[in-house]
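Presented below is the structure to which this report refers.
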Amino acid sequence: MTPAISCAGLTRRYRDHTALDDINVAISGGTITGLLGRNGAGKTTLLRIMAGQEFPTAGSVRVLGAPPAENEAVLRRLVFVREDQAYPDLKVGQALRAASWFYPNWDRALASALLDDFGLRAHKAVKKLSRGQRSALGITIGLAARAEVTLFDEPYAGLDAVARQVFYDRLLADFAEFPRTVLLSTHLIDEAAAMFEGVIVLDRGRVVLDAAADDLRGAATRVSGPCLAVEALAAGRPVWERRRLGSQASIVMVGPLSADDREQARSSGLDLTPLSLQQIVVQASTGVLAPADEASSETERTSA
Amino acid sequence: MNTWVKVARYNLMMSANYLVLPLILPFSFAVGAVTVGRSGHNAAGYLLSFVIYFAMLGMQTIGRSLPFGLTLGASRRSFYFGTALLGMALALVSGLVLTALQAIERATDGWGLSMRFFRVPYLLNGPWYATWLTSVVGLFALFVYGMWYGIGYNRWGLLGTLAFIAVQALVVVAGVVVVHFEHWHVWSAAGGSFAGLTALGLTGVIAALAVLLLVGGHATIRRATV
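Going down the list, the sequences are from chains S and V. Residue 308 in this note's numbering is what sits at position 181 of the first sequence, and the numbering runs on without skipping anything. Residue 153 in this note's numbering is what sits at position 146 of the second sequence, and the numbering runs on without skipping anything.
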């Protein structure tokens, strides 16, 4: 099946740095994928290129089977909600009305329901909105557009926890009714982790992890306890991190745990804690997983 | 609805920008009427404020509306030509208004003050259709010219805009030098001069210029990023 979004050898160089370096990813249609990474990792640049707002230096991107840049057949089926969206002198209601003209699947009822949820007033000028309210406006446009490809770049900057939950709930509810391809860039990984079917982690412009979220859950475990027992359990397995304090050790071990492993850990007094997605992303961003091929083969091993 | 029309309507949502247009005319007319005795009976220079505002409008459409316009899924090309379409519509309506006011000025012998405000010597001083055509073409050219500045600023920032102005100044200076050079050899021999160009002929030149500006602006916006 043709992926909804695919990048091949995508590179974006600016004068003094390389924002994206040979990105190769394929995102299946009808999935929610997390685009994760540190500040400056290249997430926004990648999304801007996917939305046709920026041009690659080399390589190509295809959205719904065609290059998005200047291609209205693609652009009207794609919505991009960005954190730093600049708005002209419009009122909230006007911004939504303009969006309704451009997006063929626009849902007016959903837009007004979201305005109510977020406590946004239609007659308020966009320039007078707080940061969180501007984020809420972006989310409203992104969800009500019901575009086949929906790109969110840090959509909830400045939003409180309740409003973020509204976003997750609304996204999942609408996604269930009208499946689409969602790519969500966020720093609040554990909050959003449950929604992700796939995860792409960028670091310094390179893909350091591209895997199914299910494969990552339980893919790595922190093992803490007496040094000898820790080493005995970890023998022959890949280890991402080792810490030692006196006779105690703590390691991050990659691979599934069998019943025997758990029994061995229990009898040796070892503490086992599965790494959360956020912790795995942190590991990936610190370079233990690079290059990406190795990471995906590791996750394949763990899921096997 | 055609995407160009959507873009034009989207731009019109920033209504405050466009409501200034009908306000400029009475204001500059009032200034012209008050000072008409002192500055002779020709106050047509004040009309310039209205004309220049067209360039500013063109510039604003890019700086303010482009980023969200692209986010709404318009291509750069549609945004550009949709905005130019709006510029053309504004120029057509403004041209009609100027033509009507010129007719009134003629009928009332310069508003009872022997004032020339809408009868710009040489340029807007012919039959109504010539006035309409010349003003529409001129206003549209300025709007597109302003858009080009906005796009240049979007792509290259302040330094780029200054370089853009410098290049234009060089082109004008080079043009003047060439014309003078030609004047010595060919120009006078052909009996040609700008004075020989009728207002309608000049309108044709401006129309050609507007097309060039339109092409230049489009070439510049094609690689604009937001």
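By construction, the Cβ of each residue, glycine as well, lies at the ideal position given by its N, Cα and C atoms.
Inside the region 139-225 of chain S only - alpha helix (DSSP H) runs reaching at least 4 residues: Runs found: 170-177 and 199-202.
What's the C-alpha gap between residue 30(V) and residue 245(S)? Sequence index remark: in the second sequence, residue 30(V) carries index 23 (1-based). Sequence index remark: in the first sequence, residue 245(S) carries index 118 (1-based). Looking at the backbone, the Cα of residue 30(V) and that of residue 245(S) are separated by about 38 Å.
What are the residues in the region 72-86 of chain V lying within 8 Å of chain S by C-beta distance? Correct list: 72, 74, 75, 77, 78, 79, 80, 81, 82, 83, 84 and 85.
Output needed in chain order: residues of the region 160-182 of chain S with a Cβ under 7 Å from some Cβ in chain V. Of all residues in the region 160-182 of chain S, the ones placed with a Cβ closer than 7 Å to any Cβ belonging to chain V are 180, 181 and 182, in chain order.
Can we count residue 130(S) as close to the ligand ZN, meaning its CB is less than 6 Å from some heavy atom? Absence of the ligand ZN is noted for the structure shown, with no ligands found whatsoever.
Taking 7 Å as the threshold (beta carbon to beta carbon), is residue 228(S) in contact with chain V? Position 101 of the first sequence, counting from 1, holds the residue named residue 228(S). At least one CB atom of chain V sits nearer than 7 Å to the CB of residue 228(S).
Span separating the alpha-carbon of residue 212(V) from that of residue 152(V): Sequence index remark: in the second sequence, residue 212(V) carries index 205 (1-based). Sequence index remark: in the second sequence, residue 152(V) carries index 145 (1-based). Rounded to whole angstroms, the separation of the alpha carbons of residue 152(V) and residue 212(V) is 15 Å.
8 Å contact criterion, which residue 147(S) and residue 332(S) should meet: CB distance rounded: Start at 1 with the first residue of the first sequence, and residue 147(S) comes out as number 20. Start at 1 with the first residue of the first sequence, and residue 332(S) comes out as number 205. The pair is a contact, with the Cβ atoms about 5 Å apart (cut-off 8 Å).
Using 7 Å as the limit for Cβ to Cβ distance, is residue 17(V) near chain S? Sequence index remark: in the second sequence, residue 17(V) carries index 10 (1-based). Taking Cβ atoms only, chain S reaches closer than 7 Å to residue 17(V), which makes this a yes.
Can you name the residues that DSSP bridges to residue 123(V)? For the purposes of this step, residue 123(V) is identified with residue 116 of the second sequence, where counting begins at 1. When DSSP reads this structure, residue 123(V) sits in a beta bridge with 49(V).
Sort 353(S), 383(S), 375(S) and 371(S) by Cα distance to residue 365(S) and report the nearest one. Mapped onto the first sequence, residue 365(S) falls at position 238. Selected option, being the one with the closest Cα: 383(S).
Residue from 272(S), 243(S) and 263(S) whose Cα sits closest to the Cα of residue 234(S): For this step, residue 234(S) is matched to residue 107 along the first sequence. Cα-wise, what sits closest to residue 234(S) is 272(S).
Using a threshold of 7 Å, state whether the C-beta atoms of residue 168(S) and residue 329(S) are closer than that. Within the first sequence, residue 168(S) is the residue found at index 41, counting from 1. Within the first sequence, residue 329(S) is the residue found at index 202, counting from 1. Contact flag set, yes.
Does DSSP classify residue 367(S) as helix, strand or coil? The residue given as residue 367(S) occupies position 240 in the first sequence. Collapsing the DSSP output to three states places residue 367(S) in a strand.
Note down, in chain order, every chain S residue with its Cβ under 8 Å from the Cβ of residue 232(V). The sequence position of residue 232(V) within the second sequence is 225, counting from 1. Taking a Cβ-Cβ cut-off of 8 Å, the neighbours of residue 232(V) in chain S comprise 175, 180, 181 and 182, given in sequence order.
Check whether the region 356-365 of chain S touches the region 319-326 of chain S, taking contact to mean three or more Cβ pairs, one atom from each stretch, closer than 8 Å. At 8 Å Cβ cutoff, the stretches do not touch.
To the nearest angstrom, how far is the alpha carbon of residue 424(S) from that of residue 336(S)? As a working mapping, residue 424(S) is identified with position 297 in the first sequence. As a working mapping, residue 336(S) is identified with position 209 in the first sequence. For residue 424(S), the predicted structure reports a pLDDT of 39, less than 50, and the residue's modelled location is therefore unreliable. The matter cannot be settled from this model.
Local Cβ density within 10 Å of residue 211(S), reported as buried at 16 or more and exposed below that: If you number the first sequence from 1, residue 211(S) lands on position 84. With a 10 Å radius around the Cβ and a threshold of 16 neighbouring Cβ atoms, residue 211(S) comes out exposed.
Please classify residue 66(V): does DSSP put it in a helix, a strand, or coil? Locating residue 66(V) in the second sequence gives position 59, counting from the first residue. In this structure, residue 66(V) counts as helix in the three-state DSSP scheme.
Look at the alpha carbon of residue 18(V) and the alpha carbon of residue 90(V), and state the distance between them as a whole number of angstroms. Residue numbering aside, residue 18(V) sits at position 11 when the second sequence is read from its first letter. Residue numbering aside, residue 90(V) sits at position 83 when the second sequence is read from its first letter. So the alpha carbons of these two residues sit roughly 7 Å apart.
In chain order, what are the residue ranges of uninterrupted beta strand (DSSP E) at least 3 long that sit wholly in the region 260-284 of chain S? Taking only runs of at least 3 residues, the beta strand (DSSP E) segments lying wholly in the region 260-284 of chain S are 276-280.
Presumed contact (8 Å Cβ cut-off) between residue 105(V) and residue 142(V), rounded CB distance: Counted from its first residue, the second sequence places residue 105(V) at position 98. Counted from its first residue, the second sequence places residue 142(V) at position 135. Going by Cβ atoms, the distance from residue 105(V) to residue 142(V) rounds to 5 Å, so yes, they are a contact pair.
Let me see if you follow: with CB-CB separation under 7 Å, is residue 21(V) close to chain S or not? In the second sequence, the residue the question calls residue 21(V) occupies position 14. Interface residue (Cβ-Cβ distance to chain S less than 7 Å): residue 21(V) is classified as such.
Please tell me whether residue 141(S) has its Cβ less than 7 Å away from any Cβ of chain V. Here the question's residue 141(S) lines up with position 14 in the first sequence. Contact with chain V is absent for residue 141(S), since none of that chain's Cβ atoms lies less than 7 Å from the residue's Cβ.
Buried or exposed by the 16-neighbour rule on C-beta atoms within 10 Å, applied to residue 218(V): Counting from one through the second sequence, the residue named residue 218(V) turns up at place 211. Classification for residue 218(V): exposed.
Below-7 Å beta-carbon distance, residue 281(S) vs any chain V residue: The residue you call residue 281(S) lines up with position 154 of the first sequence. No - not a single Cβ of chain V is within 7 Å of the one on residue 281(S).
Which residues mark the beginning and the end of the beta strand (DSSP E) in which residue 329(S) is found? Within the first sequence, residue 329(S) is the residue found at index 202, counting from 1. DSSP places residue 329(S) inside the beta strand (DSSP E), whose first and last residues are 325-330.
Give the residues of chain V in contact with residue 214(S), contact being defined as C-beta atoms less than 7 Å apart. In the first sequence, the residue the question calls residue 214(S) occupies position 87. Within 7 Å Cβ-Cβ: 75.
Please classify residue 197(V) as buried or exposed, where buried requires at least 16 other C-beta atoms within 10 Å of its C-beta. Translated into positions along the second sequence, residue 197(V) becomes position 190. Residue placement at residue 197(V) is flagged as unreliable, the pLDDT there being 47, under the threshold of 50; the coordinate-derived value follows with that caveat. Classification for residue 197(V): exposed.
Exposed unless 16 or more other CB atoms sit within 10 angstroms - verdict on residue 400(S): Here the question's residue 400(S) lines up with position 273 in the first sequence. Around the C-beta of residue 400(S), fewer than 16 other C-beta atoms lie within 10 Å, and the residue is accordingly described as exposed.
Are the C-beta atoms of residue 221(S) and some chain V residue less than 7 Å apart? Sequence index remark: in the first sequence, residue 221(S) carries index 94 (1-based). Closer than 7 Å: yes.
Pull up the distance between the alpha-carbon of residue 227(V) and that of residue 159(V), whole angstroms please. Position 220 of the second sequence, counted from the start, is the residue given in the question as residue 227(V). Position 152 of the second sequence, counted from the start, is the residue given in the question as residue 159(V). Roughly 7 Å separates the two Cα atoms.
Helix, strand or coil, according to DSSP, for residue 199(V) in the structure here? Walking along the second sequence from the start, residue 199(V) turns up at place 192. Because residue 199(V) sits at a pLDDT of 49, beneath the cut-off of 50, its placement in the model cannot be relied upon, and the point is left open.
Would you verify that the beta carbon of residue 217(S) is, or is not, closer than 7 Å to some beta carbon of chain V? Mapped onto the first sequence, residue 217(S) falls at position 90. Among the CB atoms of chain V, one or more fall inside 7 Å of the CB of residue 217(S).
Is residue 202(S) close to chain V? Criterion is C-beta to C-beta, closer than 7 Å. Against the first sequence, residue 202(S) aligns to sequence position 75. At least one C-beta of chain V is nearer than 7 Å to the C-beta of residue 202(S).
Determine whether the Cβ of residue 225(S) lies closer than 7 Å to any Cβ atom of chain V. As a working mapping, residue 225(S) is identified with position 98 in the first sequence. Yes, residue 225(S) lies at the interface with chain V (some Cβ there is under 7 Å from its Cβ).
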